[in-house]
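This report concerns only the one structure given below.
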Amino acid sequence: MANGTVKWFNATKGFGFITSEDGQDLFAHFSAIQYDGFKSLDEGQKVEFDVEEGQRGPQAVNITKA
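Taking UniProt numbering, I'd label the letters of the sequence shown as residues 1 to 66.
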């Protein structure tokens with residue numbers, strides 16, 4: 001698992017970006033968030049995730065709170 005920080009997340013649109021520890025920006029979709037309740041992320045929140053190659057480049061999957 002990789003670690004990173006939420007760069008921004010738009011709860012209305014259901015997506016945003018996470019900046020990994022190595023500085024890479026990764027797409028994050030609400031469906032990849034792995035905790036109960038409203039699936040949203042807060043700017044500056046620390047998260048753990050796996051990286052997969054998506055249609056438009058690398059994206060975060062299996063996102064959990066760090």
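Glycine included, each C-beta is placed from N, C-alpha and C at the ideal position.
Original post:
With C-beta atoms as the reference, is valine 6 less than 8 angstroms away from glycine 44?
Top reply: Position 6 of the sequence shown, counted from the first residue, corresponds to residue 6. Position 44 of the sequence shown, counted from the first residue, corresponds to residue 44. Yes, the pair counts as a contact, with Cβ atoms nearer than the cut-off.
**OP:** Alpha carbon to alpha carbon, how far is glycine 57 from glutamate 48? Give it in angstroms, no decimals.
**Re:** Translated into the one-based positions of the sequence shown, residue 48 becomes position 48. Translated into the one-based positions of the sequence shown, residue 57 becomes position 57. Their Cα atoms are separated by approximately 19 angstroms.
Original post:
Quick one: what's asparagine 10 bridged to in DSSP?
Top reply: Reading the sequence shown from its first residue, position 10 is the one you call residue 10. The partner list for asparagine 10 (beta bridge, DSSP) reads Phe15.
**OP:** Measure the C-alpha to C-alpha separation of glutamine 59 and asparagine 3 and round it to an integer number of angstroms.
**Re:** The residue given as residue 59 occupies position 59 in the sequence shown. The residue given as residue 3 occupies position 3 in the sequence shown. Straight-line Cα distance between these residues: approximately 13 angstroms.
Subject >> Continuous beta strand (DSSP E) stretch holding aspartate 25: start and end >> reply: Here residue 25 refers to the residue found at position 25 of the sequence shown. 25 to 29 is the extent of the beta strand (DSSP E) around aspartate 25.
Original post:
Which class does alanine 32 belong to by DSSP, given the choice of helix, strand or coil?
Top reply: Taking the first residue of the sequence shown as 1, we reach residue 32 at position 32. Three-state result, alanine 32: helix.
Subject >> Residue environment, proline 9, which counts as buried when at least 16 other CB atoms sit within 10 Å >> reply: Indexing the sequence shown from 1 puts residue 9 at position 9. At residue 9 the sequence reads phenylalanine, which differs from the proline that was named. Buried.
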